[in-house]
Amino acid sequence: MQRSLEQQMAIKFCVELEKSAAETISMLKKAFGVECLSDRYIFRWLSAFGREDVNDENRAGRPSTSSSDDNVKRVRDLLNTDRRLSVRLISETLDITKTIVHEIVSESLGMRKTLFLEERFQIQFVDFFKCSLIDETVVT
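If you want it as structure tokens, here you go:
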């Protein structure tokens, strides 16, 4: 690992001196001998260090424009009509993927799903009732 790091620094140094790839490879093989990186890795590091542009390179794939301001506004308007809508229903209504709708609702709008107090009591009551029925059947 340490030798690889040393060789990477040597490659960067050769790039700064504007040495050609062949000169760089011969210098590295002379300096590091059998522990020298393969030609393939040397070329890879030469191309990585040789880039002058600091901007991101173009990437393949769909651009992330689904959570645009327009979609955030559409989701907000739909939720203002009925706050009990599920992510799936919003997704189907607005024709946006569920993951994007979830991202908009949770991150952009800062909303999260909460249970109302009555719903919590109903859930606890149902759970208690189920447990008590199970206990009575075991006892008898």
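Note that the sequence shown covers residues 2 to 141 in the working numbering. C-beta atoms are modelled at their ideal positions from N, C-alpha and C, and glycine is treated no differently.
Buried or exposed: residue i, going by 16 or more other Cβ atoms within 10 Å of its Cβ?
| i | result |
| --- | --- |
| residue 18 | exposed |
| residue 11 | buried |
| residue 82 | exposed |
| residue 94 | exposed |
| residue 35 | exposed |
| residue 90 | exposed |
Taking the continuous alpha helix (DSSP H) assigned at residue i, which residues delimit it?
| i | result |
| --- | --- |
| residue 75 | 70-82 |
| residue 36 | Per DSSP, residue 36 belongs to no alpha helix (DSSP H) and is neither H nor E. |
| residue 48 | 40-51 |
| residue 99 | 99-104 |
| residue 108 | No alpha helix (DSSP H) holds residue 108; DSSP gives it neither H nor E. |
| residue 90 | 88-95 |
For residue i, which option in the options has the closest C-alpha, if you only look at C-alpha atoms?
| i | options | result |
| --- | --- | --- |
| residue 22 | 13, 44, 113 | 44 |
| residue 25 | 36, 8, 35 | 8 |
| residue 39 | 84, 20, 4, 103 | 4 |
| residue 14 | 50, 41, 31 | 50 |
| residue 6 | 41, 16, 27, 46 | 46 |
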